[in-house]
Amino acid sequence: MTTTIAAPADATGHGQARRRPRRLAMVASKGTLDGAYPPLILAATAASLGWEVGIFFTFYGLDIIHRKKHRKLKVAPLANPAMPVPVPNLLGALPGMTAAATAMMKGWMKDAKLPEVAQFLDMARESGTKLFACSTTMGVMGVKASDLLPGVDIAGATAFLDFAADADVSLFI
Amino acid sequence: MTTTIAAPADATGHGQARRRPRRLAMVASKGTLDGAYPPLILAATAASLGWEVGIFFTFYGLDIIHRKKHRKLKVAPLANPAMPVPVPNLLGALPGMTAAATAMMKGWMKDAKLPEVAQFLDMARESGTKLFACSTTMGVMGVKASDLLPGVDIAGATAFLDFAADADVSLFI
Amino acid sequence: MTTTIAAPADATGHGQARRRPRRLAMVASKGTLDGAYPPLILAATAASLGWEVGIFFTFYGLDIIHRKKHRKLKVAPLANPAMPVPVPNLLGALPGMTAAATAMMKGWMKDAKLPEVAQFLDMARESGTKLFACSTTMGVMGVKASDLLPGVDIAGATAFLDFAADADVSLFI
Chain A
2 MTTTIAAPAD ATGHGQARRR PRRLAMVASK GTLDGAYPPL ILAATAASLG
52 WEVGIFFTFY GLDIIHRKKH RKLKVAPLAN PAMPVPVPNL LGALPGMTAA
102 ATAMMKGWMK DAKLPEVAQF LDMARESGTK LFACSTTMGV MGVKASDLLP
152 GVDIAGATAF LDFAADADVS LFI
Chain B
2 MTTTIAAPAD ATGHGQARRR PRRLAMVASK GTLDGAYPPL ILAATAASLG
52 WEVGIFFTFY GLDIIHRKKH RKLKVAPLAN PAMPVPVPNL LGALPGMTAA
102 ATAMMKGWMK DAKLPEVAQF LDMARESGTK LFACSTTMGV MGVKASDLLP
152 GVDIAGATAF LDFAADADVS LFI
Chain C
2 MTTTIAAPAD ATGHGQARRR PRRLAMVASK GTLDGAYPPL ILAATAASLG
52 WEVGIFFTFY GLDIIHRKKH RKLKVAPLAN PAMPVPVPNL LGALPGMTAA
102 ATAMMKGWMK DAKLPEVAQF LDMARESGTK LFACSTTMGV MGVKASDLLP
152 GVDIAGATAF LDFAADADVS LFI
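Residue numbers (the numbering used here), protein chains in the order written: chain A, 2 to 174; chain B, 2 to 174; chain C, 2 to 174.
If you want it as structure tokens, here you go:
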């Protein structure tokens, strides 16, 4: 991640070449399969363009970098009227429907040749993407340092703001 | 969208007039009625101020620019304790409650004189707002090019990052 | 909030000291307890670093600054497979489970020594954080001016965009 992008003067609006690479700062706050993909896809895309990338995992998003949970993220069919195959709510409440919706979306993701969450995380670490676990909400969510995947740093909201302050794009997902 | 806003020097912090209009970049990832309104309201507001606007529709958000689905977006009463009229969860699970919650919110939106989704999309196209359908997740969600409303371009995450890199405000909704 | 942070030249990329403090602009669109904490934690952190902070409460997020509702925000156990203690969906649909999930998360937040929502709001007002209630969605959500906590200003999306246009970090939560 040491690539320097020399953007044309008109791109930055102040007539000077950029001295640092573009930067993408994201907060990943969701622990569902469909909530994990957007930050991971954006991180991989930005890294491939030479951007610096940092993801700050907080609240349910901590599951994405949890040793045991990151391979078991699920899609909820309930209360989601936009789910591709609509599930009547009462049926959605039956045990087993979350598993079915998850299997269904995983199949589509495979068809679309999307890497799995674990592969995206490997790519992120290899490309130098910074992965932060939110120290404040680790306590709230009962996540211990030993629960985190290797390569994840524990940091507070101050670290996120410091990183995001100089980002070209910041997103809360 | 060719208006140039000459911002005062202290607004940009580097003592130079801006050479380009303000820009708003949004990702619209939700396919519910209440998830569609924020990007559409912000797009209309920003365009009316002379900003360049781009919306990147991904995952469930693809429903907002889907020929058949954009007129049928729904509100889920379930698992949403902040829903104005609280619906006990078990009752929310009964078929028909999603329709009731949707009708209710549509009524309020009409009372508040908010345009409907289709009207907001018309306004967006007329004002030059860029509408992108996420090529990566179209496959995952089973959305084909022929399902998209006219005036929508298909693009990847790279296109979003390119657009957002020079945006003044970027939001993931 | 009049602190001026003189950032090093390489932080801004254009070789000039900053003339204004850093700025964080947030939209708070969720009315759940777990949806309220991220903007409140980020606001308190940013303010403690001398940043200017503004939060624009819209849709369900209006509950966070509602006189009666801000002390009663809830966590929904349903349709949330990432909930720390998984609740089978059918069980989650039983009345009482929302209350149980809420009590559980409040307990963890207390253990993690997180202030309550009302305390965070007090801190925000004391630090000069700007609190805006979205005028467009107040009508949609049936929220009246008299329902709002003191210190909250009513403003439209234009006000948010004006504030966010010069923000270093903008987030939709």
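No residue lacks a Cβ here, since even glycine has one placed at the ideal position from N, Cα and C.
- Residues of chain A with a Cβ closer than 7 angstroms to the Cβ of residue 23 of chain C are, in chain order, 166.
- In summary, the residues of the segment 42 to 62 of chain B whose CB is separated from some CB of chain A by less than 8 angstroms are 59, 60 and 61, in the order they occur in the chain.
- The CB of residue 115 of chain A comes closer than 9 angstroms to the CB of 137, 138, 140 and 141 in chain B, given here in chain order.
- The three-state secondary structure of residue 126 of chain C, taken from DSSP, is helix.
- Excluding residues up to 5 positions away in sequence, 59 and 60 lie with their Cβ nearer than 6 angstroms to the Cβ of residue 138 of chain B in the same chain.
- Taking CB atoms only, residue 162 of chain C has no neighbour in chain A less than 8 angstroms away.
- If you check the CB distance, residue 141 of chain B and residue 115 of chain A come in under 8 angstroms.
- With contacts defined as CB atoms closer than 8 angstroms, residue 25 of chain B and residue 47 of chain B qualify as a contacting pair.
- Per the DSSP secondary-structure output, residue 156 of chain C pairs in a beta bridge with C/135.
- Proximity of chain B to residue 146 of chain C at the Cβ level (cut-off 9 angstroms) is not reached, the minimal Cβ distance being about 15 angstroms.
- For residue 36 of chain A, the enclosing alpha helix (DSSP H) stretches over residues 34 to 49.
- Per DSSP, residue 146 of chain A lies in no beta strand (DSSP E) and is assigned neither H nor E.
- Close to residue 170 of chain A, with beta-carbon spacing below 8 angstroms, are these residues of chain B in chain order: 26, 162, 165, 166, 168 and 171.
- For residue 56 of chain C, the uninterrupted beta strand (DSSP E) segment begins and ends at 53 to 58.
- In the structure shown, residue 63 of chain A adopts helical secondary structure according to DSSP, grouped into three states.
- Taken atom to atom, the span from the alpha-carbon of residue 167 of chain A to that of residue 159 of chain A is near 13 angstroms.
- Excluding sequence positions up to five before and after residue 154 of chain A, its CB lies within less than 6 angstroms of the CB of 133, all in the same chain and listed in chain order.
- Under the Cβ criterion (8 angstroms, minimum of three pairs), the segment 116 to 125 of chain B counts as touching the segment 61 to 74 of chain B.
- It is roughly 11 angstroms from the alpha-carbon of residue 110 of chain B to the alpha-carbon of residue 34 of chain B.
- For residue 76 of chain A, no beta strand (DSSP E) run applies, since DSSP gives it neither H nor E.
- The alpha carbon of residue 99 of chain A has as its nearest neighbour, out of A/76, A/106 and A/112, the alpha carbon of A/76.
- For the set B/70, B/164, B/163 and B/165, the Cα lying nearest the Cα of residue 147 of chain B is the one of B/70.
- Of the other Cβ atoms in all chains shown, fewer than 16 fall within 10 Å of the Cβ of residue 127 of chain C; this residue is therefore exposed.
- Nearest to residue 37 of chain C by C-alpha distance, out of C/164, C/112 and C/106, is C/106.
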